[in-house]
Each structure stands twice: as structure tokens, then as C-alpha cells.
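This report refers to the structure that appears directly beneath it.
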Amino acid sequence: MRKVLEFLHSQTIRNKVLVFGVAMSTIPLLLISLYNYSYVKSDLEHRILEKQNLMLENLSREIEFDFNQIFQRIHVLATLNQLKNERSALYELLQRSESIEEVIVTDAKGFVEKRVSRYELNMAGNNEKWFTDDMWFRLQTDDQIYGQVEFNQYGQPVMKLAIPFFENDTKKAIGVVVQLQKIIGKISSMRQDNSSYIYLIDGKGRVIAHQDYSKLWHEQPSGEQKDELGVKTRIDNLDWVLVMEQPKMTAYAPINKMLRNGVGAVAILILIVSLISVGAGLYFTRPIVLIDREMNRLKRGQKINPIKMNRSDEFSKLADSFNDMSKELLEKSRQLEQEKERLDVVVNGIGAGLALVTKEYHITWMNPILKGWLRDDRLTLPCYAVIGGESAPCVHCPITCPDLEKIADELMKFKDGSSGERVFRHRVFPLNHAIQEEGEFLIVLE
Numbered sequence: 305m306r307k308v309l310e311f312l313h314s315q316t317i318r319n320k321v322l323v324f325g326v327a328m329s330t331i332p333l334l335l336i337s338l339y340n341y342s343y344v345k346s347d348l349e350h351r352i353l354e355k356q357n358l359m360l361e362n363l364s365r366e367i368e369f370d371f372n373q374i375f376q377r378i379h380v381l382a383t384l385n386q387l388k389n390e391r392s393a394l395y396e397l398l399q400r401s402e403s404i405e406e407v408i409v410t411d412a413k414g415f416v417e418k419r420v421s422r423y424e425l426n427m428a429g430n431n432e433k434w435f436t437d438d439m440w441f442r443l444q445t446d447d448q449i450y451g452q453v454e455f456n457q458y459g460q461p462v463m464k465l466a467i468p469f470f471e472n473d474t475k476k477a478i479g480v481v482v483q484l485q486k487i488i489g490k491i492s493s494m495r496q497d498n499s500s501y502i503y504l505i506d507g508k509g510r511v512i513a514h515q516d517y518s519k520l521w522h523e524q525p526s527g528e529q530k531d532e533l534g535v536k537t538r539i540d541n542l543d544w545v546l547v548m549e550q551p552k553m554t555a556y557a558p559i560n561k562m563l564r565n566g567v568g569a570v571a572i573l574i575l576i577v578s579l580i581s582v583g584a585g586l587y588f589t590r591p592i593v594l595i596d597r598e599m600n601r602l603k604r605g606q607k608i609n610p611i612k613m614n615r616s617d618e619f620s621k622l623a624d625s626f627n628d629m630s631k632e633l634l635e636k637s638r639q640l641e642q643e644k645e646r647l648d649v650v651v652n653g654i655g656a657g658l659a660l661v662t663k664e665y666h667i668t669w670m671n672p673i674l675k676g677w678l679r680d681d682r683l684t685l686p687c688y689a690v691i692g693g694e695s696a697p698c699v700h701c702p703i704t705c706p707d708l709e710k711i712a713d714e715l716m717k718f719k720d721g722s723s724g725e726r727v728f729r730h731r732v733f734p735l736n737h738a739i740q741e742e743g744e745f746l747i748v749l750e
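The opening residue of the sequence shown carries number 305 in the working numbering; numbering runs sequentially from there.
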């Protein structure tokens, strides 16, 4: 992150404005598009699940209604048996209910007393037990008994239903064998859009009805299918689970198609807005770029051109101020050069030696006349050693005694081994506007 910030800080203001403009025109549109896609996708998923729930509720009611209708007919048969012991009532139940293939009546011990069947002889076996142990146990306490899904001799799925009834103060039972082909066919024949499918799971986890026949009677794997979008509803009395699922790929196909169609429009919109942002950025940064260019030319000492703009905003005022400032700076530079030339003539032509000295007695500058009077190997020594030949600072020097009000004006002799003895008039002037460590005192030697 730090490297990114350093890279951004190193860029010119034009690049920063262009990047900012493109980012501010692109990022909001992308965020808005992403939000709309997420919202529409969530709404579509909610509607799909709501539709699936409604369909499963209707289908589960139909299944419950079919079984309740069978139980109602069995109850009617039990009432008739209690009043009148006739086999014709059993035949009538078969005729009125196409899904029932067998009706039996058992005694108090669960042995079959009467049987009416579509595919078998209407004869009860000797001590024939019709109920399973679990059904017989629940028959002692419950009013309606559901058996497990089984297969008849033709390989068709069937299910046993039974109710208890009393005849002459003796508790007996009436049971029926119901074919599930009608229920399976009802589920299998339902055709849904977008590759959705419905299947039914019994209490043992087996798929007993499915629109894909290859998956019938297989155990349903536990766990949620991540690639499926579906709902479940439980049929409590039967301990069945009705499931409706749809692959997410097909469920989200409309929104994905809308996304593909909208990407082009969003890209064109982003391109247009980005071009506008880039144009606006170039328009606003052009004065700054021009000022920066002319400023660099001014630093290099080249001739600059006045900046002209056909606008009346703050940038135009800034350009005018820069033109005035650069014009004034050029004039002052020429005057300074003239003053410097005059000063060089004066400094080098008065016949005196000049030197700038710091508070620590170091000589920072001397004119050529003074350099000619001194030996090269002594130029780096302190001023009292170079000029006065002393080993310690002068006593009455303003450098040593800053409180002296008078200007030091003394004569001093300096013995040079090669040129003999020289006599100097030595004056020290303190500078009030000197640059620190560049020389706070001016020494004049004549």
C-alpha cells in the first residue's frame, strides 16, 4: 500500500486528475451495477422459492386429500360392517377406489377373516397375519395406521392402510392395500420450466417418486446441494418429504442473460463518462501544466512565453499573475546582474583586499587582490593567523568583542618570508543582514 501511495504521489497533477476522473466515473457505475445485480438475483431467488413452496403445498394437500378420502371410505365400510356383516361392501370399496387393490378384515388377534382382492383369490389363509409387528403395535393406540412402502407381486409400489373398529364389542381392523402408481404418476407427469423437478422421499430416505425414473428407489444423499435451488415440505402423517429443486444455473439464467446484455451498455456508458472526465481533467489541468512548463524554462534561464487563456476564472487570474511575476522577476534579474557587474568592478578595482569572516574566524570568501597578497598554503587558516600572523584572536576585534561599538581600524605588520614585511590597514565591519555561516563580518585590508 505504501508503494502505491508513493507511486501516486510521484505522478504529475495531470495524471492524478485523469486517474481520479476515470476512477470516479467507473467505480460508482460498477458498484451500482453490482448492487442492482445482487438485488435482482436475490429477488429472483425469493420468487422462485416462493413459487416452489406454493406448488409443493398444493401437491402435498392433494396427496393428503387422496389418503384422507381412502380413510373416509374405510371408516364408512367399518360402520357398515358394524351394522351388517356383508361382503358386498368390500367389493363396493374396490369399485369406488381404483387405487385400492385389496381390502381385508382381521379379527382381534390380527388374523385375516375376509379378503377381497383384484389380483388374488378372495380367500383368507389359515392364521394369516396381514399386519407387520410395527403396524399391529400402533393399531392398539392410533386411529389411522400407515404402513411402509412395499412392492406387490407385479413390482408395483404399494402401501398398507388400516383402522380399528368394534364389532359386537370385539376390536377388529380393516386394512387396504393402496397402489402408489397414481401418486407417482401425478408427480412424474408434472412438467416445470427451467429444468426444475419434483421428487418424493419416504420415511426410509428412498426416492419413491421422481420425474427422472432412473433415480427411483435410490436413497437420497444427505446434505444440502450447493448447485441446487430448492425447497422441502413434510407430509407428517405419512412421514414423507416432498422436494422440488432446480439447478442454479438455469434458475439464474434470466438474470445472467440480463447481465450479459447490460455489460455492453454499462461499458459504453463508462466509456462516455470517462471521456467526459478525461476532457474535463485536461481542461482544468492545462493552465497548471503550462505554468509548470514556463517555470522550468525560467529556472533554466531560457526565454519564456506569456501564458494566454481564453477564460475568466481563477486559472486565468493565476496565469496573469504568473506572467506579471515572471516579467518582474526577469527585470529584477537583469538589474541584479547589472548591480553584480558594478560590484565586481568596485571590489576588484579599489585596490584593497576584502574578506568575509564567520564568528569562528573562518574565512569564507576573499577577493582576488587579497588572494594575491597571501600564500596559498595559508588560505585555510583562521583570519588572525592569515592576516595578522597571530596564534590567538585579536583583542580589540569586533569578532572577539561583539559589544564594541566602534569599527576596528588598526595598522598591523605582516612578515612574509618571500616578500618581506608588509603593513596593512585593517578594518572590520559587522554585517547586519549576513547569512549564517556565510560570513558575518567584512574585513577590509589596505
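The beta carbon of each residue, even a glycine, is placed where N, CA and C say it ideally should be.
Remember, predicted model here, so these are calculated numbers, not experimental data.
{"query": "Using the C-alpha atoms, what's the distance from I611 back to A659?", "result": "44 Å"}
{"query": "Over what stretch of residues does the alpha helix (DSSP H) that includes K675 continue unbroken?", "result": "672 to 677"}
{"query": "Use the C-beta contact count for D473: other C-beta atoms within 10 angstroms, 16 or more gives buried, fewer gives exposed.", "result": "exposed"}
{"query": "With a threshold of 6 Å on Cβ separation, who are the neighbours of S329 within its own chain once the five nearest residues in sequence on each side are excluded?", "result": "V577, S578, S581"}
{"query": "Does DSSP put T410 in a helix, in a strand, or in coil?", "result": "strand"}
{"query": "In angstroms with no decimal places, state the Cα-to-Cα distance between Y339 and K631.", "result": "56 Å"}
{"query": "According to DSSP, is E471 helix, strand or coil?", "result": "strand"}
{"query": "Tell me whether Q733 is buried or exposed, calling it buried when 16 or more other Cβ atoms sit within 10 Å of its Cβ.", "result": "Per the sequence shown, the amino acid found at residue 733 is Phe instead of Gln. Answer is exposed; the Cβ neighbour count stays below 16."}
{"query": "Spatial neighbours of E454 within its chain, please: C-beta separation below 6 Å, excluding the five flanking residues on both sides.", "result": "V462"}
{"query": "Could you tell me the distance, in whole angstroms, from the CA atom of Q483 to the CA atom of A557?", "result": "39 Å"}
{"query": "Give the straight-line distance between the Cα atoms of V567 and S342, rounded to the nearest whole angstrom.", "result": "15 Å"}
{"query": "For the alpha helix (DSSP H) that N595 lies in, which residues bound it at each end?", "result": "Note that residue 595 corresponds to Ile in the displayed sequence, not to Asn. That run of the alpha helix (DSSP H) goes 557 to 603."}
{"query": "Is K612 helix, strand or coil when you go by DSSP?", "result": "coil"}
{"query": "Can you give me the start and stop residues for the alpha helix (DSSP H) that G489 sits inside?", "result": "485 to 492"}
{"query": "Just the Cα atoms here: how many angstroms apart are R365 and A382?", "result": "25 Å"}
{"query": "E744 by DSSP, collapsed to three states: which one?", "result": "coil"}
{"query": "CB-CB under 8 Å to P633, same chain, minus the five flanking residues each way: which ones, in chain order?", "result": "Before going on, a small fix: residue 633 reads as Leu here, not Pro. Hits under 8 Å: L602."}
{"query": "Which word fits V649, buried or exposed, when buried means at least 16 other C-beta atoms lie within 10 angstroms of its C-beta?", "result": "exposed"}
{"query": "Do you know how far the Cα of E432 is from the Cα of G509?", "result": "30 Å"}
{"query": "Extract the residue ranges of the beta strand (DSSP E) inside the region 638 to 664, only unbroken runs of 3 or more that lie entirely within it.", "result": "657 to 661"}
{"query": "Hey, E480 and V547 are a contact pair by Cβ (cut 8 Å); roughly how many whole angstroms apart?", "result": "The sequence shown places Val at residue 480, rather than the Glu named in the question. Between V547 and V480 the Cβ distance is about 27 Å, and since that is not below 8 Å, they are no contact."}
{"query": "Measure how close the beta-carbons of E368 and I539 come, nearest whole angstrom, since I'm counting them as under 8 Å.", "result": "6 Å"}
{"query": "Where do the ends of the beta strand (DSSP E) carrying M548 lie?", "result": "544 to 551"}
{"query": "Assuming the contact rule is C-beta atoms closer than 8 Å, I317 and I592 should be a hit. Round their C-beta distance to whole Å, please.", "result": "6 Å"}
{"query": "Considering only C-alpha positions, which residue in the set I478, Q606, G605, L586 is nearest to I404?", "result": "I478"}
{"query": "What residues are listed by DSSP as bridge partners for Y503?", "result": "H514, V547"}
{"query": "Let's see if you can read the secondary structure: which residues bound the beta strand (DSSP E) around R538?", "result": "532 to 539"}
{"query": "Consult DSSP for R729 and reduce its assignment to one of helix, strand or coil.", "result": "strand"}
{"query": "From K413, R422, N456, A656, pick the residue whose C-alpha is nearest to that of F435; which is it?", "result": "K413"}
{"query": "Determine which residues share a DSSP beta bridge with K508 and list them.", "result": "According to DSSP, which records beta bridges pairwise, K508 is partnered with nothing at all."}
{"query": "So what does DSSP say about M463, is it helix, strand or coil?", "result": "strand"}
{"query": "Which class does L387 belong to by DSSP, given the choice of helix, strand or coil?", "result": "Interpretation of L387 is limited by its pLDDT of 45, a score under 50 that renders its predicted location unreliable; the figure taken from the coordinates is listed afterwards. The answer is helix: DSSP assigns L387 an H, G or I state."}
{"query": "Once the 5 residues before and after A738 are set aside, which same chain residues still bring their CB inside 6 Å of it?", "result": "E744"}
{"query": "What residue range does the alpha helix (DSSP H) around Q399 cover?", "result": "392 to 400"}
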